[in-house]
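Okay, so here's the structure we're looking at.
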Amino acid sequence: MKRLKPIAASLLAGALAVSGQHAFAASNDNNTTTPIKHVIVVIAENHSFDNLFATYQPQGGQQILNLLSQGIVNADGSHGPNVGLATQNTASDTGVYDINPQRTGSYGNWMPMVDFFGPVYDVRYSSLQFINWLPKLVGPSNGPFQITKWDVPYATPLSVTGSPVHRFFQMYQQTGGTNAKHDLFAWVPSQTGAGDNTGFAGINTTTSNIMQGSEALGFFNMSTGDAPYLKSLADQYAMSDNFHQSVMGGTGMNFYAISTGGKLPVYNVNGQLATPPANQIENPNPKPGTNNFYTQDGYSGGSYVNCSDNNQPGVATIANLLSQQGVSSGCAQGAYYLVNNYNLPYSSVGTPQALGSTTYVFPPQTTQTVADLLTNNGVSWKWYTAGRDANDFVSTYFPGVATDVLQLFGYNNLGDPLVANTRVMTGPMKNNLQSLNHFYSDVSGNTLPAVSFIVPPGLESGHPGSSAPVFFEGFVSKLINDVQANSSLWQDTAIIVTSDEGGGYFDTGAIQQLDFFGDGPRIGMIVVSPYAKQGYVGHQYSDHSSIMKFIEKNWSLPTIAGDTRDNLPNPVQGQGSYLPANAPAIDDMSEMFSF
């Protein structure tokens, strides 16, 4: 679910921040260590690796870790011989929030039944969003199930499915932080959902009306024809089966971390650390008399956490895990970090937004960003977000729909994280934040910057609850075709196709602790380029910061800041290992290419 959603630069940096051909001409765009002169990062929404690539079978004898390779499911989508590896359990947490609560048993047979009055279905499979709340005539037993068998027909607008909860403390509890046990993906949403202040259509959840269930166990089946375009890209180019979202939780903080090398917003008043309003502080401790129904949580509720204080709600159990792993929390003393979605402090055009206890807007930030890094080093860039302009885009699947309607459903403010930064929004770098139509004109006009970030319209982002993979595939297909049509551009370009986060969907990949905030579960990542290894599956441990490491390596740049994740070393991984021996470590994506 998503809400509708002071360092001075040099004079040269200020000039370079102004978008346009003349500013780019004086830059360091061509001073690269590889033949790649253009990096385009396309960011979908809310699908874990096993959700989309559960049954993908790689080319040429390449190995992959997914539901099919582990025998959890068969190629036809049915349960495999090792489905027990994905058994979903129940648990008990009635006191203090725990990322490893006591297990109390397993779910039984979840097959819905049909009685005299019509279908009787397991509400754990549905979510009160669009059509997914309709009764199901059939359903699976305990374990992953193929969405396109149990939901309405695929490749139509009706294939939009419910959106599993994907918030910070919920995701930590589903995975236990490491995903060594991934047996609570159904229990967590069925007990606490998206919190008691969801802010969705004015609806708040209660213990008797969670509006969440085990839809998180659903997957798309490439072996039977689901997501065919993404499959074709994986067949032709290079992909990773060990690429992770930066932080536990949802869209807003993962987009923010993409732009900052893993840093999250802090609550402040006029640039000074402060304590947020009491109703905005997260409290995942169970309410009295409940089993894991969080005390203060939701999109119009608690979202800040002071992770430097083990006495704060929810902090101690995560701090204990980090201590066991020998990993620093990365939490500044007294700082309250935003770990879930709030709206941004500026509008898309730079108007300051009202702050307060009931606005759920986080304060302006001064964190160092990719904008500072690229601008200060003379590398051109733009962040293209669909819907920033009223007449921004013509939808691939909804031609003729009024542009103001498309903007309403198209602009993803959470996917426009540089709007949160004071330096960007009050200076010339703001001109580098542009709409999607500018991207296509830059491609055709040979004015594309060296680094481009692309945020699709909401209707074509793939986000469950409002979009579907088929719509994102159409968006990516058009984008890649347009780039390839410009032969001079295509020959030196790398297009990185990934997502912001896993959307709360089930995944079996091991997770590495980098700090208090993550990493999070695996997500898909495909590199489309003339220099990408053909049909390759990379296994080096990587996350969103790996994209930044590749950009820095390609243009010989410093890191964003001294304490950002792009400072971490490359992993040392043995044969068959998915976790680095030298953790914490993050790959720079070099293995994806053949130069």
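Residue numbers (the numbering used here): 86 to 680. Don't be surprised by glycine CBs; every beta carbon is placed ideally from N, CA and C. Owing to the predicted nature of the structure, the values given are computational and were not obtained by experimental measurement.
Rounded separation between residue i and residue j - CA only
i: H548; j: G335; result: 11 Å
i: A171; j: A595; result: 14 Å
i: S630; j: S344; result: 9 Å
i: P361; j: N353; result: 8 Å
i: Q81; j: P665; result: No statement about residue 81 is possible, as the shown extent of the chain runs from 86 to 680 and does not include it.
i: F572; j: Y322; result: Per the sequence shown, residue 572 should be read as Ser rather than Phe. S572 and Y322: Cα-Cα distance of roughly 18 Å.
i: L406; j: F602; result: 12 Å
i: V528; j: P186; result: 52 Å
i: F138; j: N425; result: 26 Å
i: Q519; j: G415; result: 32 Å
i: D672; j: Q658; result: 10 Å
i: A668; j: D648; result: 16 Å
i: N167; j: A570; result: 45 Å
i: H267; j: N289; result: 27 Å
i: G261; j: I184; result: 5 Å
i: N115; j: W466; result: 13 Å
i: S121; j: G346; result: Before going further, note that residue 121 is Ile rather than Ser in the sequence given. Straight-line Cα distance between these residues: approximately 21 Å.
i: S275; j: T189; result: 15 Å
i: A670; j: I608; result: 18 Å
i: M610; j: N370; result: 35 Å
i: K563; j: Q410; result: 44 Å
i: T117; j: D577; result: 11 Å
i: G169; j: I157; result: 7 Å
i: M677; j: F328; result: 12 Å
i: A553; j: L653; result: 35 Å
i: D382; j: S442; result: 14 Å
i: S299; j: W468; result: 35 Å
i: L152; j: N227; result: 14 Å
i: G356; j: G337; result: 21 Å
Residues near residue i in its chain [Cβ-Cβ closer than 6 Å; skip 5 each side]
i: Q418; result: S393
i: A456; result: L503, V509, M514
Spatial neighbours of residue i in its chain, beta-carbon cut-off 7 Å, leaving aside the 5 residues before and after
i: S679; result: Y616, K618
i: F270; result: Q173, Q259, A301, L302, F591
i: R88; result: Caution applies to R88, whose pLDDT of 34 falls short of 50 and renders its modelled position unreliable; the model cannot decide the point.
i: F253; result: M333, G334, V424, N425
i: D309; result: A small correction: the amino acid at residue 309 is Thr; Asp does not occupy that position in the sequence shown. Hits under 7 Å: D161, G162.
i: Q397; result: V390, N391
i: N395; result: A401, A404
i: F557; result: A129, P541, E545, S546, G547
Reduced DSSP category for residue i - H, G, I as helix; E, B as strand; rest coil
i: I125; result: strand
i: W466; result: strand
i: Q155; result: coil
i: A549; result: Ala is not the amino acid found at residue 549; the sequence shown has Pro there. Three-state DSSP puts P549 in coil, outside helix and strand.
i: L269; result: coil
i: S675; result: helix
i: I232; result: helix
i: F538; result: strand
i: F304; result: strand
i: Y389; result: strand
i: H83; result: Residue coverage of the chain in this structure runs from 86 to 680, which leaves residue 83 outside it and unanswerable.
i: D161; result: coil
i: N516; result: helix
Member of the options whose CA lies at the smallest distance from the CA of residue i
i: S551; options: G247, T233, M256, V464; result: G247
i: G583; options: F538, D161, H164; result: Reading off the sequence shown, one finds Thr at residue 583, where the question assumed Gly. Ranking F538, D161, H164 by Cα distance to T583 puts F538 first.
i: I580; options: S614, G605, S520, Y192; result: S614
i: P129; options: M256, L642, E586; result: Residue identity check: residue 129 is Ala in the sequence provided, not Pro. Of the candidates M256, L642, E586, the one whose C-alpha sits nearest the C-alpha of A129 is E586.
i: P373; options: D178, I632, K638, V412; result: D178
i: P448; options: V434, Y421, K467, R473; result: Y421
i: V250; options: G193, I184, V273; result: V273
i: S675; options: A646, K638, I645; result: K638
i: L499; options: L533, Q381, V540; result: V540
i: S317; options: S662, I565, V126, P430; result: I565
i: S413; options: R650, N116, K467, S112; result: R650
i: G530; options: V568, D320, T375, L653; result: V568
i: N517; options: T444, Y496, T470; result: T470
i: L599; options: D628, M633, G165; result: D628
i: T119; options: Y431, W640, M296; result: W640
i: S432; options: D320, P229, T511, L315; result: T511
Residues near residue i in its chain [Cβ-Cβ closer than 8 Å; skip 5 each side]
i: L642; result: L458, L459, N462, V464, I636
i: L358; result: V351, Y352, A417, G419, A420, Y421
i: F112; result: The displayed chain sequence assigns Ser, not Phe, to residue 112. Result list for S112: L101, G463, V464, S465, A535, in chain order.
i: N339; result: Q330, S331, V332, D585, E586, G605, H629
Any 3 or more C-beta pairs closer than 8 Å across the region 614 to 625 and the region 146 to 154: Yes, the region 614 to 625 is in contact with the region 146 to 154.
Stretch pair the region 133 to 146 + the region 295 to 305: three plus CB contacts closer than 8 Å: Result yes; three or more Cβ-Cβ pairs closer than 8 Å.
Could you tell me whether the region 438 to 456 touches the region 366 to 377, where touching means 3 or more Cβ pairs closer than 8 Å? The answer is no - the region 366 to 377 does not touch the region 438 to 456, with fewer than three Cβ pairs under 8 Å.
Counting pairs of Cβ atoms below 8 Å between the region 443 to 462 and the region 502 to 521, do you hit three or more? In short, these stretches touch, since the Cβ pair count reaches three.
May I ask you to verify whether the region 273 to 280 touches the region 377 to 394, counting CB pairs closer than 8 Å and requiring at least 3? Verdict: yes, contact present.
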